[in-house]
Every structure is written in structure tokens, then in C-alpha cells.
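Protein chains: 2
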Amino acid sequence: MSSNSLHPLHPLFFPASVALIGASSDPERIGGRPLRFLLEAGFKGAIYPVNRSGAAQIQGLPAYQNLMDIPGPVEHAIIAVPVPGVEAALQECARKGVRVVQVFTAGFAEVDAQGAEAQQRLVDICRAADMRMVGPNSLGVLNPSTQLIATFSTALNGLRPQHGVIGLATQSGAFGSATYGMATLRGIGLSRVIATGNEADVDVAECIDYLADDPDTRVICAALEACKDASRLRAALLKAADAGKPVIIMKVGRTEIGAAAAATHTGSLAGNDAVYDTVFAECGAYRAASIEDMLDLAHFCAVTGALPQNEQVAIMTGSGGIGILMADCASEAGMQLPDLSSGAAQRLHEILPFAVVANPFDTTAQVTSVPDGVTRVLEAMAAEDAGFGTLFAYLAHVGLSPTRFASTEKGLIALRQANPQRQLVVVMLSDPGVTQRLEAAGVSVFADPTRAVRAVAGAARMGRLRRQLHRLPATHGTQAPVAQALPVALTEHQAKAMLGDAGIPVLPEQVCTSAAQAVEAANRMGYPVVAKIVSIDIAHKTEIGGVLINLPDAKSVAQAYDTILQRAGSAAPAAHIDGVLIAPMVSGGVETILGIHVDPVFGPMVMFGLGGTAVELYKDVAFASAPLTPQRAQALVNSVRASALLSGWRGGPQYDMQALTQAMCRLSEFATRHAQHLGGIDINPFVVQVEGAVCLDALISTR
Amino acid sequence: MSSNSLHPLHPLFFPASVALIGASSDPERIGGRPLRFLLEAGFKGAIYPVNRSGAAQIQGLPAYQNLMDIPGPVEHAIIAVPVPGVEAALQECARKGVRVVQVFTAGFAEVDAQGAEAQQRLVDICRAADMRMVGPNSLGVLNPSTQLIATFSTALNGLRPQHGVIGLATQSGAFGSATYGMATLRGIGLSRVIATGNEADVDVAECIDYLADDPDTRVICAALEACKDASRLRAALLKAADAGKPVIIMKVGRTEIGAAAAATHTGSLAGNDAVYDTVFAECGAYRAASIEDMLDLAHFCAVTGALPQNEQVAIMTGSGGIGILMADCASEAGMQLPDLSSGAAQRLHEILPFAVVANPFDTTAQVTSVPDGVTRVLEAMAAEDAGFGTLFAYLAHVGLSPTRFASTEKGLIALRQANPQRQLVVVMLSDPGVTQRLEAAGVSVFADPTRAVRAVAGAARMGRLRRQLHRLPATHGTQAPVAQALPVALTEHQAKAMLGDAGIPVLPEQVCTSAAQAVEAANRMGYPVVAKIVSIDIAHKTEIGGVLINLPDAKSVAQAYDTILQRAGSAAPAAHIDGVLIAPMVSGGVETILGIHVDPVFGPMVMFGLGGTAVELYKDVAFASAPLTPQRAQALVNSVRASALLSGWRGGPQYDMQALTQAMCRLSEFATRHAQHLGGIDINPFVVQVEGAVCLDALISTR
């Protein structure tokens, strides 16, 4: 029995007994397939077929007409009856004291509102009985360690699961089958597989939580279509990170943006997948782009047992061209190739007098004429003081001749044992036996140089993410307390006043209702000033000519007041006008954009970008979950390419980074307090100056 | 015998007789291995071992002390003797009338200058004898169709070549072995393999030329480290394109930029690989990022026999999640998913009443309960009027059960035959026999959805490139006639005058040598004007305060004249000063950057980008070989993302595209005329206005 027997999902994977409600004698039907798989695999626990028909035996096992007829306890039940019978079957499970039920039957919330109601009744039954449910519309569960094959996936017809250390939790059954199939064909073993379907109760996050506890699982793969409970997902990912287990996630399906969010520019930029990217990264998980990438990375982690210590690599190669290919790929993937030290250079020079010491280190064909040349070169490189986390060896096709390769194989294994802190990755064509022996000793083997580098880059990136996890305060998200209610609609002036109260620098501006008042305000502020229309009904002030800038004197302010009101009156005669805003004119500085997107699932996210084409054209923006610390605000700024413009770009000045990050923190705290009623915020531009920074325009959308 | 027997490389691949000079009895030595491979494979031609030792037999064959002793003719000779003996052996080949020699021996130009001289002597011998040479330092040649295994690659120890339609030409032997090995392990056959080594005579370009002619070869893979003869490479790529043969190239190794080129900003942006990217694309070749990508794409092309007609795809899937994964990947890779027509929607609705018709089309599990559901759905989609070139079918793991899959297999093959104009790509886990039968019928099979989409995207992109090949005039490049000599160094004013003469719009500006002359010039031009220092010794005018803009009247012009001379005098007292340039002040318009980089190999390339951060920060620039046609100039502009700013960006105006592309054409012609003495040109900014465009600053670097 595994040591996490207290986890609520334990009976799902380690049941002493399984009942199959809707069991079929036909081994090809949904109610027959799991029974056949359990029998073929030799599941050791009790198996109880249940079928209303009253057959004495099903597929050779004693059958029961009702679950209650089963003499002993039932820990894990599978329901595979048509929709109308599901509710009654579940009630029977509750009466019987079943601990976990899988509902394979489809036709619930995924179909229509009526299905959603029926699904809610299933949840209510489970809650009342303290019973857990996977599904409905789920594909099943595999535990190769106990031969529990509790699924109806036809992938099991041809492919028997191999036991390994990679756990797989997926919402989509088809996605799970595809991943399971590709892993099994590649000889990659799995510890657990679960498809959660409609997730009425158990979701992928809870499965990740289980796998983080599970001692059989060292690496976690997951596939999400949509997350409904953000805090559960964050907590599970952080738990896995704390347990030192890599989590590799695929997220398919586009994010739907709530109507409120789309009202802001920030909301539209957050669209699609930026929010998932952000949350996964903050919680130390790696987002894979394809099933193959996910398996490459998971297998690498399973073989090495640890993530690379850093993103620095050294490369030994017998082919200059392939060394450069790997080096280019490594640097594209964000890794660095430090120079080798003079000590290493000397050692390498002793082994290969004519080779040029560099990284990548090209041994040339010379290495083949030196006894144990490959091993000795790698030893010299591994003894290097430079702190690279991964050592690559490109060895062409030598692994295809196991006998000739035997001494190098031994050398590689010894090298890995002597250098547990460095990952050793061999790229070569290889006999399966050679690969297996090397990988059992923690030496990773890849055939394609590029795939090898990409997998290591993914693992190293995950390592970096895990050194900077973003743990949110407990009050985060839509459950945050409401500091104050927000009006339904806010003018620019009201928005800025509110942000000013929250600690974000704004200008000393004034809404004026007469030309005289405008002049008086301008006199007080000093010239030049700007004048803007203030109306809740006019969102695009510039387009109607409602903004006049660089007004140099009292006369021009008085004129501007009249002109603006006149333009507003003719462009939007029905608009309610509050007056004209007078504010000091700001020039110079760098225009940035600060934003808040309140994601319906993940809560308030801060956006940062630079003004101009950087955001519009190149989508050069980044997001982080609110609230921010100053360090995290700084990291968010740094993650935007255009932020180079803030720090001495082409001999220009250093702009006030502290003022910027402080404003971002204040904004993130404001958003956290108001998450419940906030749609989103755009502060555009937020001008960062050499000293100080100031918000020049702001839009707050509420909901 | 193949039909291209007139090609100079024909005897390399189809020799009636092969002599091995330096043949060894030890089948593991470089001089022994090719002999063993030829014998093991059963090469049908004559094999003559040659060794000075005078042994009567080598590896069971009659041996010869001298090449001249061989009774019959020798078409193809291999030299595998140490460096000091190579020259004499080559002379013997010349005397014997050998048609093609491979020199396996290393230690020539790749080592040092002495080696380069020795290599040149080998070339001279070959030229004099009208004999062709591969190498030195080459790894050999394979022709699986005649069992010619004329290589010493140890990859052949374990991996026997399979005959196929993909030809592989590579400079690096190691790269060739890696590619050959990976292809062979995957069961991908090859028509010819050649490693060209030092390329003293035969280069990869000539091999591509041969493969373009070769009727056994339908797809060409190539790997370059450096190209020495641009026009030969361009011509070979265009010949392959005209022959309808896809060319997939890997280029490894960084481009070295000549000193002259690096003197311009354009030159530094052209650095690394932008020039290769441009030339490959212009000649219709696809540049692959990894060996696996190259093989995926080559195999796809080999199976389908044609490139997709366009970049539009339709996707049928049984899994919503995987459908979206594929759709996302397709659009990231530049492909489009057109909507299905109402006709197709109706047909699909008849087959699957509950499915939602969209692209991707998710059949849901419902399709399994419809007889021949998959085939009927695909038929309906293939009958679609929308012009998509590729139809994907995601079929999970059904191919693993050949019996159950038999009827679908038949349906897919019939569908492919009925729709020769559309590519049919099945993504599924599959039994090797199933895959083989489908692929033999032209139906492509992939296991990983993402790899399938990427391969199709690559092929479709190649198809697009081939519809817009860039054929240069014969006078292109560094061999172009010199219209006029260029001075060693040009001032801004001289540069602009020269560009103005070439038809590029410049301002009516004047170099003035007194304040009075400056005022007179300004009066004539109209105010405001700008004033700039003119000195060949001052490259960075702004940094010394040598530029004053927006001068509104005569007084300020006179002052500016004095100020600028004073500043230049104190900042650069030794500089030779020509005077102060007076020019009209231009405001408004969009700042673009036009440039010329004269690549030492590929000749003059035009660069286009937009001003500001687009170029500096996002490297949003594109190159094209000079000279340009107006169509190609327009395509170059369109390929830059920031060019959206020129065409009604966010409600802004349409800028004068014709003035821009015309200037680009004139610039490209100027560069072509002066290629021999030109280092590079930066026109920055080139301001494009609503009507017209003008060069505001220019730098011409000569060499």
C-alpha cells in the first residue's frame, strides 16, 4: 500500500474492491471493456460485476443484480449505465458506503442545461454521503502498479501500460489516450493515469495534489481544457513544486474572456492564454507546446531525477556542425554556454593537443585515436569549475554497436555517479539496451540533438521558476474582502482620484465648470497645461477633439474650455458633461502602460508594457498575479523586452525604476482589494521620468 | 543507368568500376571499411583495391600495386592514403583517366595555410585532367540503388541504407552520418547520399544540381556550413524548384560579416543568418531548424509527391482538445483554417446530426456509431468548395488495430485517389504495416499532432515560396559592372547627392561656408530649416551637438551656423570641416530605414524596417537580394510587421507606398551597379509621407 493512503483519492487508485455497475458480457462494450482489462491484467483486488439483468455470471465472474447484494465492502465503483440510471446507481453507491465512484456515462453538463442540473444532483448525492466522484463523462483510471485498469479506452486494446514514475492527469479522455499511447509506444512507463471528464467533483488540480503526495510518482504530466478553481490549481502546483516534482502541463482550448474584462485594453491583451502562462510559471510548472515535448521533458526528468541546477550548459561534440546546431538551439531556448576555465583548457589540451578549447568543445575525429578519449574529455569538462548544470555529449551513432561502446558506457555511468550535481545528456543513435542501461544510471539519451537541447532547456527553465515561486496571500482572488464598493461607471477624473488615493502618483488636476475656474486652476498649476472633456458618456475623448494640450497661457485656456464644450456638444449632444479637466502638461519621460485584468477564474492580474508600438504590434507585455512585491514587480518589468528603454538605452538616462515598481505594487494592492467588483484598469500612459512617475490617463471598468 | 548520365557527377554515383587507393586488409580501417561495405552490400561493378604493399589480394579481391596496373578503365577512385601520398595518387588517377575522385584524407585547407596550398595543387591537377574531385576531407558517397557504399562512415556498420526518393547532400560528414542514421532508423529511404568535405571542387550546390536532374530523387535534403559560390547555389536551388523537387536545407555555423559590412547598421542586422534565410526563401528552399524537422518534412514530401496547393487546412478530429491543439499550431505556423461552406455543413449534419460544424470539425465519439463514419465525414469535407490544400484527420490510436481499421484504411486510400489535388494527413498511432500501406498510397501518417501540422506548414510554405521565386538578372552580385568608382569616404551630403542622382528623393539642401550663405539658402528653401555639421571626420553629428533643428528665421540660422562650428571646433579640433548643411525641416510622416548590406558571398541585399524600437529592439527587419522589382519591394515591406503603421494603422492615413517602393527599387539598382566597391548603405530615416517620401540622412560605406 502506498504511503499516501489518507489522501481522499487513494481508493481511486488502490481499491481493495471494484464494482462495475452496468457490467456487460460483451468485452467490446463500455460496460464490458473495463472488466476484460481488469481480468486480462490480473488485478488482485475483488471485482464485482453488477447488472440489473440478473445474470449469474458476467465474463466468468459472479455477478450481482444490485450493488447492495455484494457481500463485502466496495471501495471503488464504476458507473457505466445510460443517463437515466446514473442517479439511482449513485444513490446505491452512497448507501453501500463506496468511497470513490467513476461515472463513465456521458450526457450531462457537456450537453445542455438540463444535463448540468442532473450533474449537480449527482454532486449533491456525493457531498451528502462524503463520497468522491470522478466524471461524469470520464474515461477512467490506470494504476499499473496494481494492474488496476479501470477504463474503457480502446487504447488499452493494443497497448499494455508499463509501470514508471510519471503520473498523468488529464481532463480530456482523448488527450489522455493520445498521451498514454505515445508514451507506451516509446517505452515510457507511467505511475498513474486519470481522466477527469466533466470534473463535477474531482478535478485535475486535485489529481496533481494526489500525485504530489504519491511516492510512486516522481514527475507529473497534466492536461487542462479549463480551470474552474484557481486556488485549488495554484495550491496543487505549489505543493508539487515543494515536493520537488516537476509538473508539465498542456493547456488546450482558448480562454474565454468575460465581458467586463474585454472592456479594457488590458483585458483584450490578457485574452487567450497569457493568464494561464503566467499562473503556470508563477507556480513553477512548465507549459508544453506538444504531446511529444511533454513526454521528452517528462522522460528527461524521470531519468535524471532532478532538474538542472541552472541554465548553463557545456557541450562536447565530435562534429563541429552539430555542436553549433546545439549551441544555437540552447541560446534560442534561453540557456547560456559559459567559457571553459583555463584549468579545464589545460586538461583538455593534454588529452587532445590539437583541439581548440571552446564551448562547444569540438574533439574532432582525433578523440577516437585516444584510448578512452570520450570519457577522459567528459571527465575533464565535468571537473570544470564553471557552474554549468548540464553537460552534453554528442556521440554520433556509437551507441548502435553495444560491444564497441561498452567501455564508454561504463565511463559515462561512472562519470554520472561521480557528478550527481550535473546532468549528463548523451546525444547519439543507440541500441535500446544501451539506452536502457544508461538511463537507469541517470544518464539521459536522445537521438535528435535539437530535441535533447529543448528538453534540457525546459527542465532548466522549470528549475529557475521553482527558485522564484509566487505564493499569493490567502485573501487573493475573487474571494478577497471588499474594501469599498465601486460606482458602476467612473470618469477619468474619478478613476485617477481613486488611484491617487491608492498611492499611485497622479497630477494635481481639477474639473472646472467655467472658463474662469479653468484659468484659475491653470494659474495655480503653472503653464503649460492640458484641457480634457469630462463625461461618463465620452470614452474616446481624443476622437471628438475633446483634448487640447500644451496650452501656454490664460487666454488659450479660456478658449480651450469653450472649444472643448462646443465640440462635445456637437459630437455627443446627449452626453452628460461634468466639465473640463485642467492638468499640468507633462513632457519627457518614457510612456508605459500599467493595467489590471480581473480574470474570472484567476482573479486580478497586473499587466506591464511600454507605450507605442511595443504593445500594439509586438504584444510585448507581461502579466503577474496581484498583489506584487517590489521584487516581482521588477521581474515583471524586466520580462518585457522594451523595458531596455528605461535603463540607459543607447546612452539615454536611467528612468525611475523605483517609482514605477512602487506604483505597480500599489495598483496591484488596489486591484486585490476591489477584485470582486472590478472589471479591469488601464493606466495609459503611465509616464516614468528620471525622477518620479505619473499616471496621465486612467480607465477603470467595474462589473 | 539513370537518365542524367551526362551530368559530370554521374560517375560518382553510377561508376562501372571503383578503385580504392590505400585499400586495407583491415576491414575497420579507413582504407578497409569502404571495401568491406562494397563487398557486403554486393556492389555489381568492378572493385579494384590498390596498395603500394604489393599484396596479391586484399579482402579477397585481386589487388594492384599501382592504379596503372589495373587492366580496364577506372571511373571512380577513392584516395585513402596519408597526406604526403595524396598528390601522387591524384596524379596517377589523372594519368589513368579516372572521371571522379573522392579524397577521404584530411589535413588540407581545414588545418592551415600550407594545407590550403596543398589543396590548391590537388585542384590544379584535377582541372588540368578534366577530372572531378570530392573532398579532400570528405566522408563518402552512397547510392543504395546500385549498392555503391563508397564511404568510411562507421554509421554503415550498423545501418544498411534503404532505397528511397530522398537525396542528401551535406558538407559535413558527421552531419551526413547523423541524418543518414536517423533516417535509416525511422525506415526512411534515401536515393543518394554525398558528403562534400572541404569542397575544393565539388560543392553542395553542384550536388543539388545533380539531384535536381536525378530521376531517382524526388526530394532534396542539404546541409551547408558555408557557401562560397552564391550564384552556383542560387542556380541549383532554382533548378530544383523548376524541377518541382522540394529542397530542405539546414545551415549551421554562423555567418562571418566582412569588416566593410559591419561599418553600417544594416550590416550588423544582416549578421548571422538573415542573408541565408533570405536567399533560401527567394530560391524556394525551406530552411529546417533540426534534423528531425528536416526528415519529417522530407518524408512528408516523399509520401505526398507534391506540395500542398496553399496554406489553408481543414481538420477533422474525434477529440475537441486535440483539434484545437492542431488549429493553434497551424495558425502559429502561418496557416489558415477557412470556414466550411454551408454545403459541407449540410452533408456533415446529415452524417452526424448532433455535431457542431466548424473547422476544426469535432466529430465527437458519435462518429464511431455511424457505419463508415470517419470515411464519410472526410469525404464530405474533401468535397468542400473551400480551397484548402490539406485535410487532416485525427484518428487517435485506431491504426494500432489493423483488422478493425481495414475498412477505414480502404476508405482513406480511395479518398486520396479521388482527391489528388488535396493532401490527406492522418494523425494516429499506427501499426507499421498500416502506415506503410497508407503512405504508399500517398496518405501521410504522423503520430504526434504537432509534428504533423509543422511538417505540413513547412511544405505549404515551400509551395508559397515556389510561386514567387526571385530570379536575379545575370549581372547580379560582386561580378556586376562598375558604373562609377566610389570615393573612399563620403560625407552625408555627398552620400545624399549620390543617392539623389540615383533617383532616391532627397531634400534640396546646401553646404554653406558662411553664416550669410546659410541664411540665403534658408531664405530660398523657406522656414523652418535644419542645420548640420558637414565633416568626413564626424560620424555622430548629434552627439557633439552638431545638429540644430526647427530653425524658424534668418537670425536663428545665422546663430546656428556659428554655434555648430564652435561646437565642432571644441569637440573635434582636428576634424576637417566642409561647412554647415542647411536643409528644409521635414515633419510628419513615418520614419523608415532603408539599407544595403553587401554580403561578401551573396552580394547586395536590401534591408527594410521602420524607425524607432521596431528595428533596434524587435529586429523587425527584412532583407531581399538586389535588384528589386516593385512587386518584390512591396513584398519586402509587407514582410515587416511594423509596416502596418504605413497603411491606416488605428485610423491613421495611408502613406505613400509607391514612393517608398520606388525608392527601394532605385536604391537596389544603385547597390547592384556599385556592388564591387560598396560596403553598405544606411538611409535612416527615410520618411514616408502621405504624398511622397524623402531621405533625411544617409551613410554610404565603401571598401
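Protein sequence lines correspond, in order, to chains A and B.
This note's numbering puts the first residue of the first sequence at 376, with every later residue one more than the last.
This note's numbering puts the first residue of the second sequence at 376, with every later residue one more than the last.
Each residue gets a CB set at the ideal place from its N, CA and C atoms; glycine is no exception.
Keep in mind that this is a model prediction, so the values were computed, not measured.
Applying a beta-carbon distance threshold of less than 9 Å, which residues of chain A neighbour residue i?
| i | result |
| --- | --- |
| Leu-534 (chain B) | His-772, Leu-775 and Leu-804 |
| Ala-530 (chain B) | Ala-771, His-772, Leu-775 and Leu-804 |
To the nearest angstrom, how far is it from the Cα of residue i to the Cα of residue j?
| i | j | result |
| --- | --- | --- |
| Cys-658 (chain A) | Cys-704 (chain B) | 25 Å |
| Gln-854 (chain A) | Gln-1051 (chain A) | Model confidence at Gln-854 (chain A) stands at a pLDDT of 48, short of 50, so the residue's coordinates are unreliable; what they give is reported in the following sentence. The straight-line gap from Cα to Cα measures roughly 7 Å. |
| His-1080 (chain B) | Gln-477 (chain B) | Missing from the structure shown is residue 1080 (chain B); chain B here goes from 376 to 1078 and no further. |
| Ser-1000 (chain B) | Cys-596 (chain B) | 23 Å |
| Ala-935 (chain B) | Asn-685 (chain B) | 59 Å |
| Thr-571 (chain B) | Ala-730 (chain A) | 22 Å |
| Ser-805 (chain B) | Ser-776 (chain B) | 8 Å |
| Gly-680 (chain B) | Gly-542 (chain B) | 14 Å |
| Gly-1054 (chain A) | Leu-882 (chain A) | 24 Å |
| Gly-539 (chain B) | Ser-782 (chain B) | 28 Å |
| Phe-389 (chain B) | Asn-1013 (chain B) | 47 Å |
| Leu-790 (chain A) | Arg-797 (chain A) | 10 Å |
| Ala-416 (chain A) | Leu-523 (chain A) | 8 Å |
| Ser-400 (chain A) | Gln-434 (chain A) | 5 Å |
| Ala-835 (chain B) | Met-1039 (chain B) | 29 Å |
| Val-393 (chain B) | Gly-406 (chain B) | 13 Å |
| Val-932 (chain B) | Met-900 (chain A) | 35 Å |
| Ala-981 (chain A) | Leu-670 (chain A) | The question names Ala, but residue 981 (chain A) is Val in the sequence shown. Taking the straight line from one Cα to the other gives about 32 Å. |
| Phe-780 (chain B) | Gly-774 (chain B) | 6 Å |
| Leu-682 (chain B) | Gln-440 (chain B) | 52 Å |
| Val-577 (chain B) | Lys-871 (chain B) | 44 Å |
Taking its Cβ as the centre, do 16 or more other Cβ atoms sit within 10 Å of residue i, making it buried, or is it exposed?
| i | result |
| --- | --- |
| Arg-1048 (chain B) | buried |
| Leu-381 (chain B) | exposed |
| Val-863 (chain A) | exposed |
| Arg-829 (chain B) | buried |
| His-845 (chain B) | buried |
| Gly-970 (chain B) | buried |
| Ser-428 (chain B) | exposed |
| His-972 (chain B) | buried |
If residue i sits next to residue j, beta carbons under 8 Å apart, how far is it from one beta carbon to the other, in whole angstroms?
| i | j | result |
| --- | --- | --- |
| Leu-1003 (chain B) | Val-965 (chain B) | Incorrect: roughly 20 Å between the Cβ atoms, too far for contact. |
| Ala-822 (chain B) | Met-443 (chain A) | 46 Å between Cβ atoms; not a contact. |
| Ala-943 (chain B) | Gly-978 (chain B) | The pair is not a contact, with the Cβ atoms about 37 Å apart (cut-off 8 Å). |
Output, in chain order, the set of chain A residues within a Cβ distance shorter than 7 Å of residue i.
| i | result |
| --- | --- |
| Ala-1082 (chain B) | Past the boundaries of the shown model lies residue 1082 (chain B); chain B is included only from 376 to 1078, so the question cannot be answered. |
| Glu-600 (chain B) | Gly-696 |
| Ala-1019 (chain B) | Leu-992 |
| Leu-700 (chain B) | Val-627 |
Along chain A, which residues have their Cβ under 8 Å away from the Cβ of residue i?
| i | result |
| --- | --- |
| Met-557 (chain B) | Leu-804, Ala-822 and Asp-823 |
| Leu-560 (chain B) | Leu-804 and Ala-822 |
Would you mind telling me which residues of chain B sit closer than 9 Å to residue i, beta carbon to beta carbon, in chain order?
| i | result |
| --- | --- |
| Ile-697 (chain A) | Ser-547, Ala-549, Phe-550, Ala-553, Val-627 and Ile-666 |
| Ser-694 (chain A) | Ser-547, Gly-548, Ala-549, Phe-550, Ser-552 and Ala-553 |
| Thr-866 (chain A) | Neighbours of Thr-866 (chain A) on chain B: none; closest Cβ ~23 Å, over 9 Å. |
| Arg-826 (chain A) | Ser-665 and Glu-667 |
What residues of chain B sit near residue i, judged by a beta carbon separation below 8 Å?
| i | result |
| --- | --- |
| Tyr-651 (chain A) | Going along chain B, no residue has its Cβ under 8 Å from Tyr-651 (chain A), so there is no contact; the nearest lies around 13 Å. |
| Arg-1016 (chain A) | Leu-992 and Tyr-993 |
Give me the chain B residues within the contact set of residue i, using Cβ-Cβ distance strictly less than 7 Å, ordered along the chain.
| i | result |
| --- | --- |
| Ala-989 (chain A) | Thr-988 |
Contained beta strand (DSSP E) runs [length at least 3] in the stretch 799 to 885 of chain A, N- to C-terminal order: For the beta strand (DSSP E) assignment, the uninterrupted runs of no fewer than 3 residues enclosed by the stretch 799 to 885 of chain A are, from N- to C-terminal side, 819 to 821.
What alpha helix (DSSP H) runs, 4 residues minimum, are completely inside the stretch 1004 to 1039 of chain B? 1005 to 1013
In the stretch 432 to 468 of chain A, which residue ranges form an unbroken beta strand (DSSP E) of at least 3 residues, counting only runs that do not cross its ends? 451 to 454
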